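Numbering (the numbering used here), first residue to last: 26 to 176.
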Amino acid sequence: MDVLERRDSRAAERVILNDEAIDQLEASVSHDVLLLLARRQPMARDLREVMAALRIAADIERIGDYAANVAKRTIALNLSAPIPPAANLPTLAETAIDLVRDVLIAYRESDPDLARLVWERDVELDALYTSLFRELLTYMMEDSRNIHPGT
Numbered sequence: 026m027d028v029l030e031r032r033d034s035r036a037a038e039r040v041i042l043n044d045e046a047i048d049q050l051e052a053s054v055s056h057d058v059l060l061l062l063a064r065r066q067p068m069a070r071d072l073r074e075v076m077a078a079l080r081i082a083a084d085i086e087r088i089g090d091y092a093a094n095v096a097k098r099t100i101a102l103n104l105s106a107p108i109p110p111a112a113n114l115p116t117l118a119e120t121a122i123d124l125v126r127d128v129l130i131a132y133r134e135s136d137p138d139l140a141r142l143v144w145e146r147d148v149e150l151d152a153l154y155t156s157l158f159r160e161l162l163t164y165m166m167e168d169s170r171n172i173h174p175g176t
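Written out as structure tokens, the structure is:
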């Protein structure tokens, strides 16, 4: 989100390039999980741990895809007429970062209370997203020339 706020095309290009590395890491984790399942046939808690690792890798890969999409939009925005900054965007980004960090800590430390807190705060993130969506939609409805940069 930093590249979008600063409208930094060079940093955006680096984010896009890093997405491929994240994709490769996720593929490597998936491959290793399949080998582990085939060779070790984990049960109960061990199986849950392996499956959690697979899910975490997939979620981080998806976050990388979203970051690359934001970076691509940043480059496109830099080529179009300036639009006013979205008021809730920094708060949305910080909240999302906090939740990802906290859920990874909860997983690493096997902390169910922190995991529940993250789950409960997801409603806050959804509300921020809805607010941002409405703000951008209003901006685009006010002037149809804003539709391309607003999407």
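By construction, the Cβ of each residue, glycine as well, lies at the ideal position given by its N, Cα and C atoms. Because the structure is a prediction, the values reported are computed rather than measured.
| Check | Outcome |
| --- | --- |
| Exposure label - glutamate 74; buried when at least 16 CB within 10 Å | exposed |
| C-alpha gap between proline 115 and arginine 32, whole angstroms | 13 Å |
| Contact set for alanine 96: own chain, Cβ-Cβ below 6 Å, skip 5 residues either direction | Val28, Ala37, Val40, Ile41 |
| Whole alpha helix (DSSP H) elements within the segment 71-107, 4-residue minimum | none |
| Separation of leucine 61 from glutamate 51, as counted between CA atoms | 15 Å |
| Cβ pair asparagine 113, leucine 153 closer than 8 Å | yes |
| Exposure of valine 143, with buried meaning 16 or more beta-carbon neighbours within 10 Å | buried |
| First and last residue of the uninterrupted alpha helix (DSSP H) at aspartate 127 | 114-133 |
| Cβ separation of alanine 131 and leucine 139, assumed to be a contact under 8 Å, to the nearest whole Å | 4 Å |
| Residue burial classification, glutamate 119 (beta-carbon count within 10 angstroms, cutoff 16) | exposed |
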